[in-house]
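S.K.:
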Amino acid sequence: MAEAVRAETGRRLEVAVFPESRLGPDPAMLADLQRGRLEFYLSGNLLAGIVPETELPSLPFAFDDSQAVFAALDGELGAVIRAGLAQRGLHAFPHCCNNGFHQITTANRAIHTAEDFTGLRIRTPGGAMAADFFRTLGAEAGFVPFSGMYDALGAGEFDGQSDPLGVVQALKLHEVQRYLSLTDHWWTGFTLLAGDAAWRALPADLQESVTRHAARFALLQRADIDAINASGAAALAAAGMQVNAADRSSLRKALSDFYTRWQRRFDPAAWRTLERYTDALS
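With my numbering applied, the sequence shown covers -14 to 267.
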């Protein structure tokens, strides 16, 4: 995307890309964006402390597939989230990127029903909602930075973890986890943000170029990630993991109190907007 914008604008706009947290941990980069020290930032599961409604797309079992997720995020739910971010000085681009639906890997037992979570220590992606989800199912939720997850699982600090299949493959978690339980329990993605002052300083034609290419490459990225995740279970089974499909209805039935708690945390209108794209959750 950065190269496409640079070429199209005749180098009038050049974007230097720093992957793999080279500019610091995510909270520090988000703070730098808000202070004007960064112009753009690709944010993961980090924005709930600023705009709670950014967590709505990741509500457990809200969506069954990526098509449903993107119908909401490219539609009214995405508009609600972007409006909330704009009020906090952050310009969110209309098309988010894809991480995919999370599955559970474990070292000691497979997850078939909600009861199988009891007593497990699960590494979560961070955030209060993820921790509450696993505690509601009887597990102990904890966090270690992404870069340290493989070692923490290998050392037995956690029994399991939650991530999309592409991440499980990329980190070679089959080397430290025995079981892969297909739960599709929530979806996560990434939002490209620009600091409001930096964005407003760009001429209209440069804004148009960035917006158009951000949408184009987000759609390509979504398809790539869906393809990687679709082939992940077979690849991980071939690598030696024991793969099973969990009883998702059992998991969702155990979350009645969870949904009641979390509905109170969101703007009622935003919750109603979510439920236009999914079954009633409360």
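Cβ atoms here follow ideal geometry from the backbone N, Cα and C, with glycine treated the same way.
Computed from a prediction, not measured in an experiment: that's the story for all the values here.
If you draw a straight line from the alpha carbon of I66 to that of Y262, how long is it in whole angstroms?
M.R.: If I take the Cα positions, the gap works out to 15 Å.
S.K.: Could you tell me which residues DSSP pairs with I107 in its beta bridges?
M.R.: Partner(s): A126 and G145.
S.K.: Using the Cα positions of G69 and A223, report the straight-line distance between them to the nearest angstrom.
M.R.: Spanning the two alpha carbons is a distance of roughly 44 Å.
S.K.: Whether or not the segment 100 to 116 and the segment 76 to 83 are in contact is what I'm after, with contact meaning three or more pairs of Cβ atoms, one per stretch, closer than 8 Å; do they touch?
M.R.: Contact between the segment 76 to 83 and the segment 100 to 116 is absent, because fewer than three Cβ pairs lie under 8 Å.
S.K.: Count the CB pairs spanning the segment 176 to 183 and the segment 21 to 28 that are closer than 8 Å, and state whether there are at least three.
M.R.: A contact exists between the segment 176 to 183 and the segment 21 to 28.
S.K.: Rounded to the nearest angstrom, how far is the Cβ of N229 from that of A95, given a contact under 8 Å?
M.R.: Between A95 and N229 the Cβ distance is about 5 Å, and since that is below 8 Å, they are a contact.
S.K.: S166 bridges to which residues according to DSSP?
M.R.: Paired residues: I89 and N229.
S.K.: Determine the extent of the beta strand (DSSP E) in which W172 is found, giving its start and end residues.
M.R.: Start and end: W172 to G180.
S.K.: Spell out whether any CB of chain D is found under 8 Å from the CB atom of C81.
M.R.: Of the chains in the structure shown, none is chain D; there is only one protein chain.
S.K.: Is DSSP giving Y135 helix, strand or coil here?
M.R.: Correct three-state label for Y135: helix.
S.K.: Take A116 and list the residues in its own chain whose beta-carbon comes closer than 7 Å to its own, dropping the five residues that flank it on each side.
M.R.: Counting only Cβ-Cβ distances below 7 Å, and skipping sequence neighbours, we find T109 and A126.
S.K.: Could you tell me the boundaries of the beta strand (DSSP E) in which F25 lies?
M.R.: Note, F25: beta strand (DSSP E), F25 to S28.
S.K.: Take I89 and list the residues in its own chain whose beta-carbon comes closer than 7 Å to its own, dropping the five residues that flank it on each side.
M.R.: Correct list, in chain order: I96, G145, S147, S166 and T168.
S.K.: Would you be able to state if there are at least three C-beta pairs under 8 Å between the segment 204 to 214 and the segment 230 to 239?
M.R.: Cβ pair count under 8 Å is below three, so no.
S.K.: To the nearest angstrom, how far is it from the Cα of H87 to the Cα of V129?
M.R.: Rounded to the nearest angstrom, the two C-alpha atoms are 17 Å apart.
S.K.: Ordered along the chain, which non-local residues of its own chain (more than five positions away) have a Cβ less than 8 Å from that of D11?
M.R.: S28, G29 and L31.
S.K.: Entirely within the segment 9 to 50 and at least 3 residues each: give me those beta strand (DSSP E) ranges in chain order.
M.R.: Runs found: 25 to 28.
S.K.: Measure the CB-CB distance between G217 and G151 and report whether it falls below 8 Å.
M.R.: Yes, these two residues count as a Cβ contact at 8 Å.
S.K.: Excluding the five sequence neighbours on either side, which residues of its own chain have a C-beta within less than 6 Å of the C-beta of W184, listed in chain order?
M.R.: Within the same chain, W184 has close Cβ partners H76.
S.K.: Using a 10 Å radius around the Cβ and a threshold of 16 neighbouring Cβ atoms, would you call T330 buried or exposed?
M.R.: The structure shown does not extend to residue 330, since the chain spans only -14 to 267, so no value can be given for it.
S.K.: Is the separation between the beta-carbon of P4 and that of G85 shorter than 8 Å?
M.R.: No, the pair does not count as a contact, with Cβ atoms beyond the cut-off.
S.K.: For the alpha helix (DSSP H) that H198 lies in, which residues bound it at each end?
M.R.: A189 to A223 is the span of the alpha helix (DSSP H), which, as asked, contains H198.
S.K.: What does N83 pair with, by DSSP beta-bridge criteria?
M.R.: Bridge partners of N83: G174.
S.K.: Starting from the C-beta of G174, find all residues in its chain whose C-beta is less than 6 Å away, skip the five residues before and the five after it, and write them out in chain order.
M.R.: Counting only Cβ-Cβ distances below 6 Å, and skipping sequence neighbours, we find C81, C82, N83 and N84.
S.K.: Going by beta-carbon coordinates alone, are S194 and E40 separated by less than 8 Å?
M.R.: Cβ distance not < 8 Å, so S194 and E40 don't count as in contact.
S.K.: Look at the alpha carbon of E38 and the alpha carbon of D17, and state the distance between them as a whole number of angstroms.
M.R.: Spanning the two alpha carbons is a distance of roughly 22 Å.
S.K.: Thinking C-alpha only, which one of R163, H198 and R250 is nearest E(-12)?
M.R.: The candidate whose alpha carbon is nearest that of E(-12) is H198.
S.K.: Under a Cβ-count criterion, where at least 16 other Cβ atoms within 10 Å of its own Cβ denotes burial, should S51 be classed as buried or exposed?
M.R.: The residue in question, S51, is buried, as its Cβ has 16 or more Cβ neighbours within 10 Å.
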